[in-house]
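To keep things clear, I will list the structure first and then write my remarks on it.
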């Protein structure tokens with residue numbers, strides 16, 4: 001599991017490709033932890049990861065499970081500051 005996609009995309013480029021006009025994109029990833037509480041606790045104890053928490057205006061969260069892989073559980077959270085974006089439109 002990596003911040004860069006198989007197509008060499010980055011968290012920033014993936015957000016831009018959605019059409020959102022965002023800055024300050026950050027991402028946390030995790031594999032192996034079985035529940036959200038453990039994932040967040042791990043992020044907050046991991047050097048550098050807790051530092052990305054900030055005054056972001058948008059966030060996206062995803063979870064995937066694949067029993068055929070060693071880690072089985074995969075988590076990602078993307079944070080961004082977006083101007084003139086409205087989730088309710």
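Residue numbers (UniProt numbering): 1 to 89.
For glycine and all other residues, C-beta sits at the position ideal for the given N, C-alpha and C.
- [ ] Just the C-alpha distance for residue 57 and residue 29, rounded to the nearest angstrom, thanks.
- [x] As the crow flies, the alpha-carbon of residue 57 is around 19 Å from that of residue 29.
Open item on the list: Pairs of beta-carbons, one from the segment 70 to 77 and one from the segment 12 to 25, closer than 8 Å: are there three or more?
Closed with: The segment 70 to 77 makes no contact with the segment 12 to 25; the number of CB pairs closer than 8 Å stays below 3.
Open item on the list: If I follow the unbroken alpha helix (DSSP H) through residue 17, where does it start and stop?
Closed with: Residue 17 -> alpha helix (DSSP H) spans 11 to 17.
- [ ] Specify the secondary structure class of residue 38 as computed by DSSP and reduced to three states.
- [x] When DSSP states are grouped into helix, strand and coil, residue 38 belongs to the helix group.
Task: DSSP-derived helix/strand/coil call for residue 1 - done: Reduced to three states, the DSSP call for residue 1 is coil.
Open item on the list: Please report the distance separating the alpha-carbon of residue 54 from that of residue 11.
Closed with: Here the alpha carbons of residue 11 and residue 54 stand approximately 16 Å from one another.
TODO: Report back the beta-carbon spacing between residue 75 and residue 63 to the nearest angstrom; my notes put them in contact at under 8 Å.
DONE: Between residue 63 and residue 75 the Cβ distance is about 5 Å, and since that is below 8 Å, they are a contact.
TODO: Could you work out which residue in 6, 19, 39, 46 is closest to residue 77 when comparing CA atoms only?
DONE: Ranked by how close their Cα comes to the Cα of residue 77, the residues 6, 19, 39, 46 have 39 in first place.
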